[in-house]
Amino acid sequence: MSPMWLLLVCAMGPAAADGDLTLHLIDQDLADQRGAYCLDGSRPGFYYAPATSVELNTTWIIYLQGGGFCADNDDCADRSTTDLGSSSTWDKTMSGSSVIDSDSSINPLFADAHRVYIPYCDGWFFSGNKDDPVVVNGKTIYFRGKRNLVAVLDTLDPLGLWDVENLMLSGCSAGALADYMQGDYMGDRYADAQKFGIAPLSGFFPVHASKAGDYDFIAQLLISSKLHNVTGGFDGNKCYEAAQRGEISNPHFCGLSNYSYAYMTSNIFMINSALDAYSLQNIYDGDTDCQHDEFNDCSMKQISDFDAWESDFLAQVEMASQFTKDGNGAFIESCLEHCAAEDSKTFASLSIDGLTISQALQQWWESNGADPAADHTYTPCTLKKLGEHQCNPTCPNQENYMEISRMKKRNVPSTPHAYDTPMGH
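Next up, the structure:
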């Protein structure tokens, strides 16, 4: 550890006890210079715990918080009064879990590395970049997600991030969708790192019709992406670069995980349920009466519906060449969950063919980065028609996964063709 690095760490304050991460807001001067603000104009920031191992002093894990998105000015103004739109009430410390857990028995890869958790306060996946704020009922609202991300990285760089040798980007839900959109920007920014990889949790939201045949959720994403001017925050996004070349008709499609995933150049290990609870509730929006207790109250017809959804989900993932690209991998299971891998117990217990998420991620990360994707790809079983329907006995015992995501469904027009909706089924 260099004297300058040590000085900078000390200047930010001591690390929290017992492996906790400590909150640091970016300097006001930097916020003003970058125009980096949460929705309400407060400063963005991050939680940080420095490496505790000399061997891992150049290894970093950066995790992006999830929490939905705001779809219109009023929605964003409402959100600005919460901890998903303002830093004013953030806790001073937090405990890490899953890939940022400080317990090496749970998180052998990064427990002793530099651990960073970036709270989400911009309303659109760390990607908005609108110059002019809007005023809603006398309240000034900022859409600056990409600027916030860049300002946080600018602050972390002199702490050692600019000398990183091994860097993983992760996140859950909205944070994972940001992984898809901003992952290649991160890879390009830290191109001198020996190893860079992305591990998004529950961030692949398929472009799919609801059971009623509408595309409300997809339309909502596309409309709100324009509100936040996300194309202004897509520098480094390879999908956006393809759109600039005319390969994609609408650059806002790059705000959909299907599209960004299909063009990514960084190594990626997708962690997702093919029967993601949030996607089933908000995109499929059907058979909702039995979406609990691992589908055990579902009829055979409903199980057939979910089997068809799982098949469509896998088809969309497999459509991208990245799914079979050397150096990549995936852990796709059948549990009715959303972000369950954020829980350390689930991270270390949910398994496919005897291999847990933690173990699969470790094997992928510790490979040479060029293994055939098939060596690190795990796919789900199919729900059983009779008896207990869940085919994976290691699914976590949680009754309400929606409390984890804190994502809200919004009402939007239901005709997909008005929004040039891509890849519909």
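Under mature numbering (1 follows the signal peptide of the UniProt record, and there is no 0), the letters of the sequence shown match residues -19 to -1, 1 to 406, in that order.
By construction, the Cβ of each residue, glycine as well, lies at the ideal position given by its N, Cα and C atoms.
In chain order, what residues of the same chain lie with their CB nearer than 7 Å to the CB of residue i, ignoring the 5 residues before and after it?
| i | result |
| --- | --- |
| aspartate -2 | none |
| glycine 109 | Asp103, Phe124, Arg125, Gly126, Lys127, His209, Asn210, Val211, Gly214 |
| threonine 375 | Ser330, Leu331, Ser332 |
| glutamate 380 | In this prediction, glutamate 380 scores a pLDDT of 47, lower than 50, which makes its location untrustworthy; no coordinate-derived value is stated. |
| serine 260 | Phe186, Pro187 |
| aspartate 13 | none |
| glutamine 175 | Glu146, Asn147 |
| cysteine 171 | As written in the sequence, residue 171 is tyrosine, which differs from the cysteine given in the question. Closer than 7 Å at Cβ, skipping near neighbours: Val145, Leu148, Phe177. |
| glycine 16 | Arg125, Arg128 |
| valine 115 | Asn54, Ile122 |
If you check the beta carbons only, do residue i and residue j fall under 8 Å apart?
| i | j | result |
| --- | --- | --- |
| isoleucine 122 | asparagine 54 | yes |
| valine 133 | proline 25 | yes |
| aspartate 324 | proline 377 | yes |
| alanine 92 | serine 83 | yes |
| valine 188 | leucine 237 | yes |
| serine 68 | leucine 6 | yes |
| aspartate 288 | cysteine 279 | no |
| glycine 335 | glycine 156 | no |
| phenylalanine 198 | isoleucine 264 | yes |
| alanine 224 | glutamine 303 | no |
| glycine 184 | glycine 227 | no |
| leucine 11 | threonine 136 | yes |
By Cβ distance, which residues of its chain are closer than 6 Å to residue i, with the 5 residues on each side in sequence left out?
| i | result |
| --- | --- |
| glycine 217 | Asp165, Tyr166, Asp169 |
| serine 34 | Asp93 |
| histidine 233 | Leu203, Ser206 |
| serine 76 | Asp1 |
| proline 361 | Ala255, Ile313, Glu314, Ser315 |
| isoleucine 229 | Ala223 |
| serine 23 | Ser67, Ser68, Ser69 |
| leucine 158 | Phe106, Gly184, Ser238 |
| threonine 305 | Ala354 |
Considering only DSSP beta bridges, list what residue i is partnered with.
| i | result |
| --- | --- |
| cysteine 153 | Leu182 |
| histidine 5 | Phe27 |
| glycine 310 | Phe250 |
| tryptophan 41 | His95, Leu148 |
| tyrosine 359 | Phe312 |
| threonine 121 | Val116 |
| phenylalanine 177 | Leu148 |
| serine 108 | DSSP output for serine 108 lists no bridge partner at all. |
| methionine 75 | Leu2 |
| leucine 202 | BP columns for leucine 202 are empty, so no partner. |
| threonine 337 | Ser332 |
With a cut-off of 8 Å on the beta carbons, I'd call residue i and residue j a contact; round off their distance for me.
| i | j | result |
| --- | --- | --- |
| alanine 32 | aspartate 1 | Not a contact, Cβ separation roughly 15 Å. |
| asparagine 373 | cysteine 316 | 6 Å |
| cysteine 271 | tyrosine 240 | Their Cβ separation, rounded to whole angstroms, is 32 Å, which puts cysteine 271 and tyrosine 240 out of contact at 8 Å. |
| aspartate 72 | lysine 192 | So it is not a contact: roughly 40 Å between Cβ atoms. |
| residue 407 | valine 131 | Any property of residue 407 remains undetermined from this structure, which presents the chain solely from -19 to 406. |
| leucine 4 | tyrosine 28 | 5 Å |
| lysine 366 | isoleucine 284 | 6 Å |
| methionine 162 | cysteine 51 | Not a contact, Cβ separation roughly 16 Å. |
| phenylalanine 107 | asparagine 129 | 7 Å |
| residue 410 | glycine 350 | One cannot answer for residue 410 here, as it falls past the ends of the chain, which runs -19 to 406. |
| serine 61 | lysine 120 | 7 Å |
| phenylalanine 250 | leucine 342 | 6 Å |
Once you ignore the five residues that flank residue i on each side, which residues in its own chain have a CB closer than 8 Å to its CB?
| i | result |
| --- | --- |
| methionine 149 | Trp41, Ile42, Ile43, Val80, Leu90, Phe91, Phe177, Gly178, Ile179, Ala180, Trp346 |
| glutamine 371 | Glu275, Phe276, Asn277, Ser315, Cys316, Leu317, Leu364, Lys365 |
| glutamate 291 | Ala255, Leu256, Ser315, Pro361, Thr363, Leu364 |
| alanine 322 | Ser79, Cys153, Leu182, Ser183, Ile252, Phe328, Leu331, Ile338 |
Cβ contact (3+ pairs, closer than 8 Å) linking the region 39 to 48 and the region 87 to 100: Taking 8 Å as the limit for Cβ pairs, the verdict is that the region 87 to 100 does touch the region 39 to 48.
Given 8 Å, three or more beta-carbon pairs between the region 352 to 367 and the region 303 to 312: Result yes; three or more Cβ-Cβ pairs closer than 8 Å.
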